[in-house]
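**Student:** So that we are looking at the same thing, I have put the structure below in structure tokens.
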Amino acid sequence: MIEAGAPCSPAEALTPAPTRGDSALTPNSSPAVAEVASLPAFALGGLPVPFAIETSHQSGAVVWFAFCQRRYAMARARGAYVFARAEWDALIVGTEADRATAQQFGKYLATKSKQPGKLLEAHHTLGGVAPERRRPKWNVCRVLASWGLVLASVDVDELSGED
12 MIEAGAPCSP
22 AEALTPAPTR
32 GDSALTPNSS
42 PAVAEVASLP
52 AFALGGLPVP
62 FAIETSHQSG
72 AVVWFAFCQR
82 RYAMARARGA
92 YVFARAEWDA
102 LIVGTEADRA
112 TAQQFGKYLA
122 TKSKQPGKLL
132 EAHHTLGGVA
142 PERRRPKWNV
152 CRVLASWGLV
162 LASVDVDELS
172 GED
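Below is the structure:
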């Protein structure tokens, strides 16, 4: 278990801990959740299985990040807040540029509430700032914590040939 305020992984001890947010894991996190939390955030979109992650926002809202079309459609059909793979990538770019903060993420949720089909793009998360020309390095736990989210579950689909 990761304690509140502690770096999300031993590798992050070498970089400053985020000043926004808290730990993105719950005390009862499963091994699968802990494993996903430790992955480089930018790598999630490249995993070879269709899946989605469920998170809880500090406001109490349930937020899904869907890395396959089926999970995206399921979350949308339930009326949940859901972000697609490309939106996840845009949020990471904005977060590492210190633009996609927990406060800003709350605004993205408000937009999703009014326009659930509107896709968030990097130019939204960067707020007019040019992105750095480097590969993002934050892990999933650190990214989620900076948005005021806690990772609740990881739902993996059976391999079906889907995106």
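Numbering (the numbering used here), first residue to last: 12 to 174.
Just so it is clear, CB atoms sit at the ideal spot from N, CA and C, and this is done for glycine as well.
1) Quick one: Cα of Ser41 to Cα of Ser164, how far?
2) Should Thr66 be counted as a contact of the ligand ATP given a C-beta to heavy atom distance under 7 Å?
3) Check whether the segment 108 to 123 and the segment 68 to 78 touch, using three or more Cβ-Cβ pairs below 8 Å as the test.
4) Cutting at 7 Å between CB atoms, please list the residues of its own chain near Ala95, excluding the five before and the five after it.
5) What residue does the beta strand (DSSP E) around Glu107 start on, and which one ends it?
6) Would you list the residues sitting across from Tyr92 in a DSSP beta bridge?
7) If you run the structure through DSSP and keep just helix, strand and coil, what is Val60?
8) Compute the distance between the beta-carbons of Gly105 and Ala133, then report whether it is under 8 Å.
9) How many Å lie between Trp75 and Glu107 at the Cα?
**Tutor:** Checking against the coordinates, here is how it stands:
1) 8 Å
2) Only the bare structure without any ligand can be found here, which leaves the ligand ATP out of the picture.
3) yes
4) Ala77, Tyr83, Leu130
5) First-last for Glu107: 96 to 107, but that is the alpha helix (DSSP H), not the beta strand (DSSP E).
6) Val74
7) coil
8) The Cβ atoms of Gly105 and Ala133 sit closer than 8 Å to each other.
9) 20 Å
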